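The number in the numbering used here is simply the position in the sequence shown, starting from 1, with 3 added.
All residues carry an ideal CB built from backbone N, CA and C; glycine is no exception.
None of these values were measured; they are calculated from a predicted model.
Here the structure comes first, spelled out in structure tokens, and everything after it is commentary.
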Amino acid sequence: MSAIHTKMAYKAFGLMIESELSLPELARVEDSREPVDVKVTIDSSLKDSLNLEPYDFTVDGSAITVMMPEAAVFRVEGGDRIIISPLDGADEDLIRLYVLGTCVGALLLQRSIYPLHGSAIAINSKAYAFVGHSGAGKSTLASAFISKGYSLLSDDVIALSPFESAQPTFVTPAYPQQKLWQQSLDAFGVKKEELKAIYGRETKFCIPVVTSFCSTALPLGGVFELSTTDEDDVSVQLVPALERLDLLFRHTYRNFLVQKLGMTHWHFNSSAKLAGKLPIYQLRRPLNRFTAPQLVELVLNTISAEV
Numbered sequence: 004m005s006a007i008h009t010k011m012a013y014k015a016f017g018l019m020i021e022s023e024l025s026l027p028e029l030a031r032v033e034d035s036r037e038p039v040d041v042k043v044t045i046d047s048s049l050k051d052s053l054n055l056e057p058y059d060f061t062v063d064g065s066a067i068t069v070m071m072p073e074a075a076v077f078r079v080e081g082g083d084r085i086i087i088s089p090l091d092g093a094d095e096d097l098i099r100l101y102v103l104g105t106c107v108g109a110l111l112l113q114r115s116i117y118p119l120h121g122s123a124i125a126i127n128s129k130a131y132a133f134v135g136h137s138g139a140g141k142s143t144l145a146s147a148f149i150s151k152g153y154s155l156l157s158d159d160v161i162a163l164s165p166f167e168s169a170q171p172t173f174v175t176p177a178y179p180q181q182k183l184w185q186q187s188l189d190a191f192g193v194k195k196e197e198l199k200a201i202y203g204r205e206t207k208f209c210i211p212v213v214t215s216f217c218s219t220a221l222p223l224g225g226v227f228e229l230s231t232t233d234e235d236d237v238s239v240q241l242v243p244a245l246e247r248l249d250l251l252f253r254h255t256y257r258n259f260l261v262q263k264l265g266m267t268h269w270h271f272n273s274s275a276k277l278a279g280k281l282p283i284y285q286l287r288r289p290l291n292r293f294t295a296p297q298l299v300e301l302v303l304n305t306i307s308a309e310v
């Protein structure tokens with residue numbers, strides 16, 4: 004990484020971010036007079052003062068520190084600062100992946116912003132969250148919606164707030180980019196020649212979606228959990244009330260940090276409010292074929308039936 008740290012301003016997740024690390028995925032802000040919410044700084048000496056095991060998240064007061072091999076030691080402090088201490092020979096693309104994923108997820112929790120792991124799409128002036136485990140097809144389904152003219156709010160970390168009972172919960176836009184596997188690109192007829200592969204994943208690519216990005220916060224209309232099945236057809240069913248809290252915890256981004264940060268009570272109350280006022284569905288797709296277009300139709304029909 005360059006030893007010259009030039010500060011640049013960006014906007015993402017409703018936050019004004021001032022960063023010494025270039026973050027080209029985010030919307031650049033020129034001459035903004037808004038106050039800075041988050042500072043991203045580079046401190047090459049931090050790693051030398053710590054003795055950390057790889058991937059072991061340590062929490063000390065309001066600070067979360069972790070060492071990611073081949074990348075950096077990262078510290079997220081008080082919901083308003085991310086400190087990067089690059090390891091020798093670290094790739095800047097890999098560092099950015101951790102900053103925009105793990106570090107942002109931790110920072111949102113510190114700010115009492117509920118982070119779901121999935122994609123969010125704007126449908127009929129509301130945001131719908133599509134959550135699921137890795138490989139469930141969240142980003143592929145989001146791409147299918149985009150191909151039908153719908154807009155993306157987030158892909159990976161979905162920021163939800165506030166949680167007052169009388170107010171709707173909003174999804175705050177993240178940044179205009181998706182990550183898609185090669186097989187999904189093939190299914191949508193997208194050529195990869197001009198796309199950039201994600202570090203360490205030669206068959207997964209970063210896809211800009213600037214013209215199909217919703218930059219306005221929208222009320223959350225519902226949550227769909229996407230899962231795979233051995234059955235032949237797609238299906239959807241309403242998740243029973245007693246199962247919703249567990250589902251929301253499973254798909255909270257970096258959910259192991261909730262307990263480490265002493266936020267179990269906050270997370271439970273927030274989840275209960277979400278589960279009580281929103282429809283939550285399980286969406287199932289077969290493993291043996293590409294069904295994203297059928298899933299889009301099924302989701303739209305399900306949403307229409309709610310009205």
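Nearest-angstrom beta carbon gap, residue j and residue i [assumed within contact, 8 Å]
{"i": "Pro176", "j": "Leu156", "result": "5 Å"}
{"i": "Thr231", "j": "Ala139", "result": "6 Å"}
{"i": "Met19", "j": "Glu37", "result": "5 Å"}
{"i": "Leu24", "j": "Ile87", "result": "6 Å"}
{"i": "Val62", "j": "Leu264", "result": "6 Å"}
Own chain partners of residue i with C-beta closer than 7 Å, once the 5 adjacent residues on each side are dropped
{"i": "Arg180", "result": "Correcting the residue type first, residue 180 is Gln in the shown sequence and not Arg. Excluding sequence neighbours, Gln180 sits near Glu28, Asp158, Cys209, Ile210, Pro211 and Val212."}
{"i": "Ala275", "result": "Leu248"}
{"i": "Pro282", "result": "Gly225, Leu241 and Glu309"}
{"i": "Arg257", "result": "Thr105, Gly108 and Ala109"}
{"i": "Leu90", "result": "Lys50, Glu73, Ala74 and Ala75"}
{"i": "Tyr153", "result": "Ile124, Ala125 and Ile126"}
{"i": "Ala220", "result": "Gly17, Phe173, Val174, Thr175 and Pro176"}
{"i": "Ser35", "result": "Ala12 and Met19"}
{"i": "Leu250", "result": "Glu228, Val242 and Ile283"}
Under the three-state DSSP convention, the category residue i falls into
{"i": "Asp51", "result": "helix"}
{"i": "Gln113", "result": "helix"}
{"i": "Leu97", "result": "helix"}
{"i": "Ser150", "result": "helix"}
{"i": "Thr172", "result": "coil"}
{"i": "Pro57", "result": "strand"}
{"i": "Leu90", "result": "coil"}
{"i": "Tyr257", "result": "Reading the sequence as shown, one finds Arg at residue 257 and not Tyr. Here Arg257 sits in coil by DSSP."}
{"i": "Thr9", "result": "coil"}
{"i": "Ser274", "result": "helix"}
{"i": "Phe166", "result": "coil"}
{"i": "Leu298", "result": "helix"}
{"i": "Phe293", "result": "coil"}
{"i": "Ala74", "result": "coil"}
{"i": "Ser238", "result": "strand"}
{"i": "Arg31", "result": "strand"}
Opposing strand residues paired with residue i [DSSP bridges]
{"i": "Gly1", "result": "The requested residue 1 does not occur in the structure, where the chain is confined to residues 4 to 310."}
{"i": "Val43", "result": "Ser22 and Ile85"}
{"i": "Pro211", "result": "Gln180"}
{"i": "Thr231", "result": "Arg288"}
{"i": "Gly121", "result": "Val134 and Asp159"}
{"i": "Ile67", "result": "Val62 and Val79"}
{"i": "Ala15", "result": "Leu18"}
{"i": "Ala200", "result": "Phe208"}
{"i": "Phe216", "result": "Leu155"}
{"i": "Ile306", "result": "In DSSP, Ile306 forms no bridge with anything."}
Beta-carbon proximity list for residue i, same chain, < 6 Å, skipping 5 on both sides
{"i": "Ser218", "result": "Pro176"}
{"i": "Leu223", "result": "Ala130, Thr172 and Val174"}
{"i": "Leu119", "result": "Ala132, Val134, Ile161 and His254"}
{"i": "Asp83", "result": "Val41"}
{"i": "Leu198", "result": "Phe208"}
{"i": "Ala169", "result": "none"}
{"i": "Leu103", "result": "none"}
Proximity to residue i [Cα-Cα], best of the options
{"i": "Thr59", "options": "Val302, Leu260, Ile45 and Ser48", "result": "Just to set this straight, residue 59 is Asp in the shown sequence, not Thr. The residue with the shortest Cα to Cα distance from Asp59 is Leu260."}
{"i": "Ser164", "options": "Ile45, Val32, Thr9 and Leu277", "result": "Leu277"}
{"i": "His136", "options": "Gln262, Lys14 and Phe252", "result": "Phe252"}
{"i": "Gly121", "options": "Asn291, Ser146 and Arg99", "result": "Ser146"}
{"i": "Leu111", "options": "Ala15, Thr305 and Arg292", "result": "Ala15"}
{"i": "Leu55", "options": "Ser47, Thr44 and Phe77", "result": "Phe77"}
{"i": "Gly190", "options": "Ser142, Ala244 and Tyr178", "result": "Note that residue 190 is Ala in the sequence shown here, rather than Gly. Of the listed residues, the one whose Cα sits closest to Ala190 is Ser142."}
{"i": "Gly279", "options": "Tyr178, Ala244 and Leu103", "result": "Ala244"}
{"i": "Arg31", "options": "Tyr178, Val102 and Thr214", "result": "Tyr178"}
{"i": "Thr214", "options": "Asp233, Ser150, Leu188 and Gly192", "result": "Ser150"}
{"i": "Ser115", "options": "Ile306, Ser307, Asn304 and Trp269", "result": "Trp269"}
{"i": "Leu303", "options": "Asn291, Leu144, Tyr101 and Asp235", "result": "Leu144"}
{"i": "Glu234", "options": "Arg292, Val193, Thr305 and Ile98", "result": "Arg292"}
{"i": "Leu100", "options": "Leu53, Leu188, Leu26 and Thr305", "result": "Leu26"}
{"i": "Met71", "options": "Ile306, Ile98 and Ser52", "result": "Ile98"}
{"i": "Phe148", "options": "Glu33, Phe216, Glu246 and Pro57", "result": "Phe216"}
{"i": "Val239", "options": "Leu188, Thr305, Ser128 and Gly192", "result": "Thr305"}
{"i": "Ser307", "options": "Val193, Ser128, Glu246 and Gly192", "result": "Ser128"}
{"i": "Ile85", "options": "Glu246, Glu21 and Val43", "result": "Val43"}
Contacts around residue i, its chain only, beta-carbon distance under 8 Å, and the 5 residues preceding and following it disregarded
{"i": "Val237", "result": "Leu286, Arg287, Arg288, Pro289, Thr294, Gln297, Leu298 and Leu301"}
{"i": "Phe166", "result": "Tyr117, Thr172, Asn272, Ser273, Lys276 and Leu277"}
{"i": "Ser65", "result": "Glu80, Gly81, Gly82 and Gln113"}
{"i": "Thr267", "result": "Val261"}
{"i": "Ala93", "result": "Met4, Glu73, Ala74 and Ala75"}
{"i": "Ser47", "result": "Ser88 and Pro89"}
{"i": "Pro57", "result": "Met70, Met71 and Pro72"}
Cβ of residue i within 9 Å of any chain C Cβ
{"i": "Ile283", "result": "The chain labelled as chain C is not found in the depicted structure, where only one protein chain is given."}
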